[in-house]
Amino acid sequence: MTSPTDTRLCRTFQTAPAAVPKEDSAKYLVSGLEAEGFEAPDWLVPDLEDGTAPDMKAEGLENAIDRIPKAAFPGEIWPRVEWSYEDERARERGRSQIERLVGEIGDEIDGVVVPKVGRLEDVERAAAVVAAAESSYGYDDGSIGLAVIVETGRARSDLREIARFGERSRLAALVFGPVDYTAELGGRDLGDGRPRWDGLLEALSNEASAAGLLAIGGPFDDLFKERAGLTYYNADEYADQIEREARVGLDGSWSLYPKQTIQANTVHMPTPDELERDVEKIERFNEAKRAGTGAVTIDGQMVDEATFKNFRNTVETVRAIHDTRREQTAAYYDEELLERALTLEVSYE
Amino acid sequence: MTSPTDTRLCRTFQTAPAAVPKEDSAKYLVSGLEAEGFEAPDWLVPDLEDGTAPDMKAEGLENAIDRIPKAAFPGEIWPRVEWSYEDERARERGRSQIERLVGEIGDEIDGVVVPKVGRLEDVERAAAVVAAAESSYGYDDGSIGLAVIVETGRARSDLREIARFGERSRLAALVFGPVDYTAELGGRDLGDGRPRWDGLLEALSNEASAAGLLAIGGPFDDLFKERAGLTYYNADEYADQIEREARVGLDGSWSLYPKQTIQANTVHMPTPDELERDVEKIERFNEAKRAGTGAVTIDGQMVDEATFKNFRNTVETVRAIHDTRREQTAAYYDEELLERALTLEVSYE
Amino acid sequence: MTSPTDTRLCRTFQTAPAAVPKEDSAKYLVSGLEAEGFEAPDWLVPDLEDGTAPDMKAEGLENAIDRIPKAAFPGEIWPRVEWSYEDERARERGRSQIERLVGEIGDEIDGVVVPKVGRLEDVERAAAVVAAAESSYGYDDGSIGLAVIVETGRARSDLREIARFGERSRLAALVFGPVDYTAELGGRDLGDGRPRWDGLLEALSNEASAAGLLAIGGPFDDLFKERAGLTYYNADEYADQIEREARVGLDGSWSLYPKQTIQANTVHMPTPDELERDVEKIERFNEAKRAGTGAVTIDGQMVDEATFKNFRNTVETVRAIHDTRREQTAAYYDEELLERALTLEVSYE
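Chains as they are written, first to last, in full-length UniProt numbering: chain A, 1 to 349; chain B, 1 to 349; chain C, 1 to 349.
This is the structure in structure tokens:
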């Protein structure tokens with residue numbers, strides 16, 4: 001999370017197919033829109049790209065236009081459209097999807113997610129398509145945001161330049177797409193899974209942070225595991241992935257499934273222990289500051305402005321979640337601890 | 001491997017000293033040229049640089065000119081010449097080696113390998129030397145390729161720019177040189193070997209892929225191991241290294257020795273299990289597509305275009321190897337599996 | 001270490017608060033200045049930034065001006081001033097601290113350390129402040145150096161450009177600041193410590209090396225550990241960190257404490273075993289060369305110019321330390337081994 005006080009939350013980037021071959025083809029879209037408690041994602045991403053079969057994309061677009069305005073989804077809505085730096089037809093379909101979405105439900109969506117972007121020029125081209133639709137339908141400049149999936153060698157190569165473009169544009173988030181990325185690079189699964197691309201994740205976190213953008217991890221698609229005759233939700237491996245993402249400062253994780261949303265929402269909020277620890281450290285710091293003994297040492301660790309900023313981040317993230325998802329903070333933290341976190345003085349000066 | 005369908009194979013980049021102090025000073029060069037089966041590298045690199053002693057370099061050049069045309073080597077031939085971004089005399093020797101090679105056996109070689117390049121300007125300078133020789137002897141522009149060894153801080157710093165130069169030039173491959181690189185950076189072996197430079201390898205794979213170049217790993221020089229009184233070939237540690245390289249999408253590995261070539265050729269081709277798995281997934285995908293149920297799920301994993309591309313990569317790599325090294329695919333895969341791989345329909349649409 | 005023969009040593013970058021709330025507020029500064037043997041750092045960094053409490057900074061500046069000239073500190077002195085790319089007041093304080101230091105003790109200091117720099121433009125701004133002070137007080141251009149702490153997303157994003165600025169300016173060192181850096185990126189400690197930022201360290205080592213600058217690791221602030229009722233110095237974890245730094249070619253490590261200085265000085269000098277091993281390899285190489293058998297193989301490993309450079313680095317580092325800290329080399333190495341290292345011929349030609 002780049003700067004918890006003024007940044008939009010995106011602990012969860014949950015994609016939902018806009019149409020599936022079921023009696024109600026909007027089933028998954030609607031259940032995303034109506035999710036409650038920890039199953040409610042910060043961002044819901046109705047998926048018109050790889051999550052919806054080619055022959056259902058038209059119906060998916062109608063579903064999005066029809067169902068999104070009917071729901072009172074409390075978070076942000078960012079449809080994913082079709083696009084590819086190397087396929088003019090995919091870009092053409094994306095252009096027309098963006099026009100329909102902005103024209104019909106421009107008030108209901110926060111932005112669009114554009115996949116398979118290439119170098120900077122291709123990201124600028126996608127931004128221009130959004131700007132044109134926005135202007136056609138009389139929206140203010142910048143009111144429809146842009147998020148891109150970083151899943152090509154070209155986008156990774158231009159990552160710094162793409163992020164800097166975000167400093168002066170509607171680009172708001174960088175999302176990792178490991179499946180396409182691994183395929184583009186020719187990465188191999190020799191029996192122990194895809195490479196983790198640690199260098200890419202570190203760079204994604206850094207460039208997003210330096211440019212004031214959100215950084216989001218990639219999907220984890222081994223949803224289920226079979227062992228000893230039982231098929232069950234693969235909670236452990238997803239948790240491992242999203243904890244790694246949280247550690248290096250990604251703001252949120254991709255979810256494909258309500259249980260993943262529970263986990264990603266949870267991991268990207270401070271644990272009760274972290275909150276307790278950091279609230280206590282700030283309380284002790286505040287006491288020592290009042291006592292006026294100058295440099296403050298807590299548990300053998302010197303507290304300077306930089307150390308302090310780490311403690312403060314924890315508290316400010318909890319405050320931001322509390323602002324928008326009061327039911328989650330209420331369920332997760334002990335009432336008295338939450339009260340301390342909300343009322344604490346958090347200034348180093 | 002960047003794009004298995006239109007890319008030259010370089011699973012193995014085998015260097016052979018162009019001259020050694022033996023009765024037949026071309027012994028190792030000739031055995032590289034005459035290698036068969038899995039010992040035959042995709043690229044043979046007659047080495048006029050560090051692999052050939054200073055007092056034997058002149059003889060090495062004559063060996064290369066004399067022996068290469070006599071062999072019917074089925075792969076590509078890329079002599080490594082002398083060069084250094086920081087040594088004018090080394091560049092002068094390199095220039096004259098390139099001129100001799102192009103002038104005398106320009107029809108027999110596919111390109112030259114230039115080591116110890118510095119920043120982009122130095123790579124451009126090397127490319128200009130090749131262009132001048134090519135033009136002097138009447139070869140078409142671009143007919144003699146260029147591969148560079150990335151083994152200096154400067155080349156790593158300019159890696160993205162060097163790779164992009166490859167988009168519009170004869171530069172065809174980026175090869176890692178860990179020994180010089182570690183020495184330049186002042187890296188330390190504290191008893192557990194050289195650093196692995198994971199960040200560099202990830203970047204090498206990405207930049208090569210984004211620019212349509214080949215990416216090749218560095219040499220492994222602990223050829224032998226001694227234990228319990230026996231000296232034996234160090235197969236395990238070399239396999240560990242080249243498997244790491246394959247995982248992050250390097251196209252091939254450096255070989256110093258016929259047994260290494262067997263291993264690198266093997267690791268950079270899909271295992272029978274991988275091939276079986278991906279052929280079966282595509283077969284099941286094709287069936288489900290024919291059945292027309294829309295989005296396809298296999299073993300609890302949704303198959304979209306991106307996932308599909310991974311399966312297809314495996315099959316197309318096998319097809320490319322089969323085109324040029326039929327004896328290797330025949331020996332490695334079960335006949336019936338190979339037949340399925342060669343005849344399968346591999347389109348997502 | 002970039003190039004041991006012509007580079008200043010900075011195995012240890014030891015910060016000392018310029019003022020602390022004790023009877024003698026210069027206590028830690030003075031003990032840094034008077035340290036002996038392995039406790040004497042290569043660089044002493046009187047800290048006017050986060051290590052000195054806000055209400056003691058004025059006194060810290062006076063302490064620095066008063067005490068530094070009285071000491072005969074044998075290494076280099078680099079005060080750390082206040083600065084921040086995002087805080088004009090911090091930069092104003094830094095400017096006035098730099099002016100006082102250069103004006104009053106410009107002969108005694110080797111440069112200043114500027115923290116929390118942002119993108120290239122901010123580093124250039126800091127360099128201009130030093131240049132202005134230098135010129136005001138009649139010092140030669142470039143006589144006061146600049147080191148920057150890389151601890152913001154922006155500085156990491158511009159790392160290559162910042163390092164290249166060092167090729168043509170007074171910028172001499174890049175120092176990592178992990179606490180602020182982790183906070184800026186929103187990195188999380190989920191119970192197993194801060195992320196290690198391996199990608200950043202690899203890039204820091206590379207860019208510093210490519211531009212001829214020093215690269216220094218970040219502070220380790222868990223100075224003490226408590227176990228089984230005893231509080232004791234945390235030697236193990238600090239050693240783990242600085243060994244990791246040495247492995248990837250950082251020139252030195254940050255020290256907060258005399259015992260850390262002992263460890264960092266030690267790790268960044270070759271171990272007796274390394275020295276023995278590499279001296280012996282060079283001796284055997286020299287013998288083989290005299291015997292004239294051409295390419296030399298030692299213990300199954302071919303020795304070429306690149307391999308040889310690694311052995312030579314070890315010997316040349318020891319020679320550089322011996323030049324400035326004779327008491328350390330005398331204490332650390334066996335007398336006869338040291339003599340061999342000092343007299344050995346170390347040329348590959």
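Using N, Cα and C, we set each Cβ at its ideal position, and we do this for glycine too.
- prompt: So is A:E316 in contact with chain B if we call contact Cβ pairs under 7 angstroms?
  reply: Position 316 of the first sequence, counted from the start, is the residue given in the question as residue 316 of chain A. Not closer than 7 angstroms to any Cβ of chain B, the Cβ of A:E316 fails to qualify, so no.
message: Here's the rule I'm using: 16 or more other beta-carbon atoms within 10 Å means buried, otherwise exposed. How should B:A330 be labelled?
response: Numbered from 1 along the second sequence, position 330 holds the residue referred to as residue 330 of chain B. Label assigned to B:A330: exposed.
Backbone CA spacing between B:I216 and A:P195 [nearest angstrom]: Here residue 216 of chain B is taken as the residue at index 216 of the second sequence, counted from 1. Here residue 195 of chain A is taken as the residue at index 195 of the first sequence, counted from 1. In a straight line, the C-alpha of B:I216 is about 17 angstroms away from that of A:P195.
query: What's the gap between the Cα of B:D304 and the Cα of A:N206?
result: Locating residue 304 of chain B in the second sequence gives position 304, counting from the first residue. Locating residue 206 of chain A in the first sequence gives position 206, counting from the first residue. Near 30 angstroms, if we compare the C-alpha coordinates of A:N206 and B:D304.
field: Rounded C-alpha distance that separates A:L171 from A:G37
entry: By 1-based counting over the first sequence, the position of residue 171 of chain A is 171. By 1-based counting over the first sequence, the position of residue 37 of chain A is 37. Cα to Cα, the separation comes out at about 29 angstroms.
- prompt: Secondary structure at B:Y85, three-state DSSP: helix, strand or coil?
  reply: Numbered from its first residue, the second sequence carries residue 85 of chain B at position 85. B:Y85: coil per DSSP, three-state reduction.
message: Can you tell me which residues form a DSSP beta bridge with B:R227?
response: Translated into the one-based positions of the second sequence, residue 227 of chain B becomes position 227. In the DSSP output, where bridge partners are listed per residue, B:R227 has B:L230.
message: Need the endpoints of the beta strand (DSSP E) that C:V114 sits in, please.
response: Indexing the third sequence from 1 puts residue 114 of chain C at position 114. Here the beta strand (DSSP E) through C:V114 covers G111 to V114.
message: Do B:R93 and B:D42 count as a contact pair if the criterion is CB distance below 7 angstroms?
response: What you label residue 42 of chain B is simply residue 42 of the second sequence in a count that begins at 1. What you label residue 93 of chain B is simply residue 93 of the second sequence in a count that begins at 1. The answer is no: Cβ separation not under 7 angstroms.
query: According to DSSP, is A:E62 helix, strand or coil?
result: By 1-based counting over the first sequence, the position of residue 62 of chain A is 62. Three-state result, A:E62: helix.
query: If you check the beta carbons only, do B:A16 and B:M56 fall under 7 angstroms apart?
result: By 1-based counting over the second sequence, the position of residue 16 of chain B is 16. By 1-based counting over the second sequence, the position of residue 56 of chain B is 56. By the CB criterion at 7 angstroms, B:A16 and B:M56 fall outside the cutoff.
- request: Taking 7 angstroms as the cut-off, decide whether the C-beta atoms of residue 350 of chain A and A:R80 are in contact.
  value: Because chain A is modelled from 1 through 349, residue 350 of chain A falls outside the range shown and cannot be assessed.
task: Would you mind reading off the limits of the beta strand (DSSP E) that contains B:A123?
output: Taking the second sequence and counting its residues from 1, the one referred to as residue 123 of chain B is at position 123. It should be noted that the sequence gives Val, not Ala, for residue 123 of chain B. Where B:V123 is concerned, there is no enclosing beta strand (DSSP E), although the alpha helix (DSSP H) it sits in stretches over L120 to S136.
- request: Flag B:A72 as yes if its beta-carbon sits less than 7 angstroms from any beta-carbon of chain D, otherwise no.
  value: In the structure shown, chain D cannot be found, because the protein chains are A, B and C.
field: Assigned secondary structure, B:R188 (DSSP; H/G/I helix, E/B strand, else coil)
entry: Numbered from its first residue, the second sequence carries residue 188 of chain B at position 188. The answer is coil: DSSP assigns B:R188 none of H, G, I, E or B.
task: Between the Cα of C:P258 and those of C:A246, C:S31 and C:G118, spot the shortest distance and give me the residue it belongs to.
output: Walking along the third sequence from the start, residue 258 of chain C turns up at place 258. Among C:A246, C:S31 and C:G118, the Cα nearest to that of C:P258 belongs to C:S31.
message: Can you confirm whether C:R188, when its beta carbon is compared against all beta carbons of chain A, has any partner nearer than 7 angstroms?
response: Translated into positions along the third sequence, residue 188 of chain C becomes position 188. So yes, C:R188 belongs to the interface.
message: Among A:R247, A:I282, A:G292 and A:W197, whose alpha-carbon lies nearest the alpha-carbon of A:V344?
response: Here residue 344 of chain A refers to the residue found at position 344 when the first sequence is read from its first residue. Reading off the sequence shown, one finds Leu at residue 344 of chain A, where the question assumed Val. Selected option, being the one with the closest Cα: A:I282.
query: Closest Cβ-Cβ distance between C:L185 and chain A: below 7 angstroms?
result: As a first step, residue 185 of chain C must be located in the third sequence, where it is residue number 185. By this cut-off, C:L185 is an interface position.
task: May I have the straight-line CA-CA distance separating A:P219 from A:W83, to the nearest angstrom?
output: Mapped onto the first sequence, residue 219 of chain A falls at position 219. Mapped onto the first sequence, residue 83 of chain A falls at position 83. For A:P219 and A:W83, the distance between alpha carbons rounds to 18 angstroms.
- prompt: Taking the continuous beta strand (DSSP E) assigned at B:P74, which residues delimit it?
  reply: Your numbering for residue 74 of chain B matches position 74 in the second sequence. Looking at the DSSP string, B:P74 is not in any beta strand (DSSP E), and its letter there is neither H nor E.
- prompt: For C:V150, does the three-state DSSP call read helix, strand or coil?
  reply: Indexing the third sequence from 1 puts residue 150 of chain C at position 150. Three-state result, C:V150: strand.
field: Of the listed residues C:T324, C:N265, C:L338 and C:R312, nearest to B:V179 (C-alpha basis)
entry: Position 179 of the second sequence, counted from the first residue, corresponds to residue 179 of chain B. Comparing Cα positions, the closest option is C:R312.
task: May I have the straight-line CA-CA distance separating C:R188 from A:I144, to the nearest angstrom?
output: Residue numbering aside, residue 188 of chain C sits at position 188 when the third sequence is read from its first letter. Residue numbering aside, residue 144 of chain A sits at position 144 when the first sequence is read from its first letter. The straight-line gap from Cα to Cα measures roughly 31 angstroms.
message: Do B:A264 and B:S255 have their beta-carbon atoms positioned less than 7 angstroms apart in this structure?
response: In the second sequence, counting from the first residue as 1, residue 255 of chain B sits at position 255. In the second sequence, counting from the first residue as 1, residue 264 of chain B sits at position 264. Going by C-beta atoms, B:S255 is nearer than 7 angstroms to B:A264.
field: Rounded C-alpha distance that separates B:P4 from B:G51
entry: Translated into the one-based positions of the second sequence, residue 4 of chain B becomes position 4. Translated into the one-based positions of the second sequence, residue 51 of chain B becomes position 51. In this predicted model, B:P4 has a pLDDT of only 37, less than 50, meaning its place in the structure is not dependable; the value taken from the coordinates is given anyway. Here the alpha carbon of B:P4 sits roughly 31 angstroms from the alpha carbon of B:G51.
message: For A:V102, tell me which candidate among A:A155, A:V123, A:A133 and A:K70 has the shortest Cα-Cα distance.
response: The residue labelled residue 102 of chain A in the question sits at position 102 within the first sequence. Closest option to A:V102, Cα to Cα, is A:A133.
message: By the 7 angstroms beta-carbon criterion, what residues does the stretch 325-349 of chain A contribute toward chain C?
response: none
query: By the criterion of Cβ-Cβ separation under 7 angstroms, what are the contact partners of C:R160 in chain B?
result: By 1-based counting over the third sequence, the position of residue 160 of chain C is 160. Those within 7 angstroms of C:R160 in chain B are S157.
message: So with CB distances below 9 angstroms, who are the chain C contacts of A:D251?
response: By one-based count along the first sequence, residue 251 of chain A stands at place 251. By Cβ distance, chain C contributes G186.
- request: Tell me where the alpha helix (DSSP H) around A:F165 begins and ends.
  value: For this step, residue 165 of chain A is matched to residue 165 along the first sequence. Where A:F165 is concerned, the enclosing alpha helix (DSSP H) stretches over L159 to E167.
- request: Say whether chain C places a C-beta atom closer than 7 angstroms to the C-beta of A:T7.
  value: Walking along the first sequence from the start, residue 7 of chain A turns up at place 7. With a pLDDT of 48 at A:T7, under the threshold of 50, the predicted position of this residue should be treated as unreliable, and no value is reported.
query: Sorted by chain position, which residues of the same chain lie with C-beta nearer than 6 angstroms to A:P115's C-beta, five sequence neighbours on each side aside?
result: Within the first sequence, the letter at position 115 stands for residue 115 of chain A. Once the five neighbours on either side are set aside, the close Cβ partners of A:P115 are E49, W83 and I149.
- request: Output the boundary residues of the alpha helix (DSSP H) element that contains B:D198.
  value: Position 198 of the second sequence, counted from the first residue, corresponds to residue 198 of chain B. D198 to A211 is the span of the alpha helix (DSSP H), which, as asked, contains B:D198.
query: For A:S96, does the three-state DSSP call read helix, strand or coil?
result: Counting from one through the first sequence, the residue named residue 96 of chain A turns up at place 96. Of the three classes helix, strand and coil, the one that applies to A:S96 here is helix, per DSSP.
query: Does any CB atom of chain A fall closer than 7 angstroms to the CB of B:S169?
result: By one-based count along the second sequence, residue 169 of chain B stands at place 169. No, because no Cβ of chain A sits closer than 7 angstroms to the Cβ of B:S169.
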